[in-house]
Amino acid sequence: MTAPQGGVVPLPEPPSAMPAYAARSGLVHDCCVSLRAVCARLDDLGTFTSGPARLDDWVGGSADVCRRETRGLGRRADAMSLALRRVAARVEEHAETLAHLDVLHADLVATSTSLAGGIEVLRRDVARATPAGLPALGPVLHARSAALSASIADYERDRHRWLHRLFEEEQAMVAAFERFHSMRQVRDRFDGVPDPADGALRALPPAGSSPGDALAWWRSLSPAERAALLVAAPGVLGNRDGLPARVRHRANEVRLERDLAGLRSLRERGDLTEREKAVLRNAEAAAAARDEAEQARDPRTGEPVPVRLLVYDPAAFGGDGAVAVSVGDPDTADDVSVLVPGLGTDGADIPGLTEHATSVYEAARDADPGASHASIAWIGYDAPDNFPVRDGLSADAAGVVREDLAERGGAALAQAVDGLRASRAGDPAHVTVIGHSYGSTTAGHAAHDQGLAADDLVFVGSPGVGGGVDGPADLGMSSQHVWAGANSHDVVPDLADQGSIDLGLLGGIGLGNDPAEDDFGAIRFQAESASGSDSDAHSSYFEDGSESLDNLAHIVTGQYGLVDQAPGVTDPWWGPPMDPESGRIPRPEPGLAA
Amino acid sequence: MHTDPPGTASPPTTSSAPEMAMVPTSVGRASREWDEQHVDLRAASAQVAEASTAGFTPPVAHAATAFLEAWHTHTAAIALSCEVQADAMRAAITDWLDGDRESAARGWALLGFVEELR
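Protein sequences, first through last, are from chains A and B.
Going by the numbering used here, the first residue of the first sequence is number 2, and it counts up by one from there.
Going by the numbering used here, the first residue of the second sequence is number 3, and it counts up by one from there.
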């Protein structure tokens, strides 16, 4: 301690400065994902050598040589993958430790700054004290000095611990890199070692089994088996309904990075097939959606929002692709919403749908700051490319045929929601499914045909909710939990079958009843858009600041009393449907109102 | 079990030497798949080389860089081995075509497998 000039109260030595902290855990995590993607490639080679490359129908000297080489390469690939997995797992652990150290570093910097400020305040107070006043003030100032000294000692101890922990972590990471640097090291440790993923895959429940079975299987695996599967079979984990979202995300990230590296390499060589071009387009869209969503900040906390790549199958549906991105963590969120898109949607459209999911997420957080939320942009079914065109006025067969896609999509949607439910057994979320456009037909089929396990079902811009559905009861839901949003300028709802004598636009296209019609029995909510433009109306339901988004936010957070209801479309027998909402001036956007 | 397309399913093997039996379409398809493995692993090798070490602290970044350089080499080597394997199979098909006049008549169907596409 140093005594102030002429004073008797000792001032503590200033705290040691914290060193600059250069680590960026996010980039270290990216490095881990790259390594795992390479592991996945090596595993592909291992699988190939033990399967199609064996060529059991080839006999002779050349065949023997070839098979010997094949076995050798397979063994080499397996050993390399096991070694690289080990390093990648250590890199992941390193990233997590660095992130934790980053938080501690920020705390220590703040503490150091605060303590230095405390010393300066004490110095000024001591300097201000007159000799006459010191006897009275002295004990107080001494006590403050002692308290500061104790805090600085605590800080120095914590600082030392932090430095020591960083040093130890760096040593461990360096050792892990050096342990499997050469191929000799790899062979010595892993040559002939069985892959823990093999046994785990043998116990995998067959396709078509329930999400609960998938979860039970996952929970039965050892940590080593789980880690192995992440790289050996990312496609199995990433799209398996029932597994926790975090697991699916990690697996899909590996697969995505593997695809991007491989296909971009081919593109640079001008060597992409048409199918590969489609797959790459979907992969790049998935990466863009994920990256964009990761830029989002929670409107209440300002913290980054967790993002999960829940589905990634860029070659699904003949190259249209299947992708789902969750804004928010569906493993833990109080409220989960699932956005189901409509016509013309394929995997490459995931960035736009993820923007909508982000809007719903932000609106839900604003509507109920006390609850956590996750909003899923779900392109998990093969949406039709366009509206069916009626063959004259008499035939609506095209519409019926097109409904097949909604039926299949409904089954996939119901399975996806079952998966969310299974992974949250004992801690159920409030789940809302929002079907937009043809997605509402799909959601209708999920509820009618499959018993969709949603708490609330919302149709927006619906061209019909599927054949055989006359009201909420046919969806297996209470009328208090089935909602319809229909902008009066949106022409798509006019395509639904309306009334007993359908005199709506084109007489309906055969996708079922209009849920916004008064006799359907759903709760219609206000969804007019500020622009009032017919061309934009169908795509305005998720617009920031819109009354539609505002109402959706209240539904997905279960604040039903705050939803602004609208009168349903009426369909008098003497004429075409009439929409009471037509001509109503929408509520101004909150920003404009202010 | 191989699945030859119609017309090429009967195995055009050499009759006199069973130990030399070959289903060239199977071998041809396998050579293509080895080419795919080569392409994929070459991309993986580039991915290792391009993996960022920017997030590590300086003491670790050095080791990380050395590790990635080494693994770039390891993966490039195994990629190359895959290509060698593919080439060996194409050579085997060529030998088979050259050595079996009867089958050579059908060789036009196999020419695609003799060429390296990727």
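Where a beta carbon is used, it is the ideal one built from N, C-alpha and C, also for glycine.
- Put simply, the backbone Cα of A/G62 is about 17 Å away from that of B/A32.
- Counting only runs of at least 4 residues, the segment 242-293 of chain A fully encloses the following alpha helix (DSSP H) elements, listed from N- to C-terminal order: 246-269.
- Distance from the CA atom of A/D419 to the CA atom of A/G343, rounded to whole angstroms, is 21 Å.
- Contact between A/V434 and A/L406 does not hold, since their C-beta atoms are separated by about 17 Å, which reaches or exceeds 8 Å.
- For A/V483, the enclosing beta strand (DSSP E) covers residues 483-486.
- Taking the C-beta atoms as reference points, B/S83 is found nearer than 7 Å to A/L74.
- When DSSP states are grouped into helix, strand and coil, A/D386 belongs to the coil group.
- Classified as exposed, A/F168 has fewer than 16 neighbouring CB atoms from the shown chains inside 10 Å of its CB.
- When Cβ-Cβ separations below 7 Å define contact, A/S51 makes no contact with chain B.
- At a beta-carbon threshold of 7 Å, the residues of chain A lying near B/D42 are R42, D45, G263, ordered along the chain.
- Around A/E254, no beta-carbon contact reaches into chain B at under 7 Å, the shortest distance being about 13 Å.
- Linking B/E118 to B/D97 through their CA atoms gives a straight-line distance of about 16 Å.
- Runs of the alpha helix (DSSP H) lying entirely within the segment 26-55 of chain B and spanning at least 4 residues, in chain order: 26-52.
- Residue pairing by DSSP leaves A/H165 without any beta bridge partner.
- When CB distances to chain B are screened at a threshold of 9 Å, the residues of the segment 186-220 of chain A falling below it are V187, in chain order.
- When DSSP states are grouped into helix, strand and coil, A/G467 belongs to the strand group.
- Contact between the segment 191-201 of chain A and the segment 107-115 of chain A is absent, with fewer than three C-beta pairs closer than 8 Å.
- Inclusion of A/D347 and B/V25 in the CB contact set at 7 Å is not warranted, their separation being larger than that value.
- Taking 8 Å as the upper bound for CB-CB distance, A/A297 and A/I380 are not in contact here, some 19 Å apart.
- Fewer than three beta-carbon pairs drawn from the segment 323-339 of chain A and the segment 265-282 of chain A are found closer than 8 Å, and the two stretches are therefore not classed as touching.
- DSSP places A/W379 outside any alpha helix (DSSP H); the residue lies instead in the beta strand (DSSP E), whose first and last residues are 374-380.
- The C-alpha of A/G271 is placed about 23 Å away from the C-alpha of B/A79.
- Scanning its chain for C-beta atoms nearer than 8 Å, with the 5 sequence neighbours on each side dropped, one finds around B/H40 the residues A81, L82, C84, E85, A88, R120, in chain order.
- About 5 Å separates the Cβ atoms of A/S424 and A/P245, confirming a contact at the 8 Å cut-off.
- A Cβ-Cβ distance of about 59 Å is found for the pair A/P352 and A/S146, leaving them out of contact under the 8 Å criterion.
- Judged by DSSP secondary structure, A/Y362 falls within the alpha helix (DSSP H) whose first and last residues are 351-368.
- If you check the CB distance, A/G329 and A/V312 do not come in under 7 Å.
- At a beta-carbon threshold of 8 Å, the residues of chain B lying near A/S266 are V41, R44, A45, A48, ordered along the chain.
- Residue pairing from DSSP leaves A/Q296 without any beta-bridge partner.
- When DSSP states are grouped into helix, strand and coil, A/Q527 belongs to the coil group.
- Taking C-beta atoms as the reference points, A/P16 and A/S113 count as a pair closer than 7 Å.
- Taking a cut-off of 8 Å for Cβ pairs, the segment 90-97 of chain A and the segment 131-138 of chain A do not touch, as fewer than three such pairs fall below it.
- Counting the other CB atoms within 10 Å of its CB gives B/Q49 a total of 16 or more, which places it among the buried residues.
- If you look at A/H431, you'll find it in the beta strand (DSSP E) that goes 431-437.
- The DSSP-derived three-state label of A/V326 is strand.
- Shown here for A/A100: same chain residues with a beta carbon closer than 7 Å to its own, the five before and five after excluded, namely S26 in chain order.
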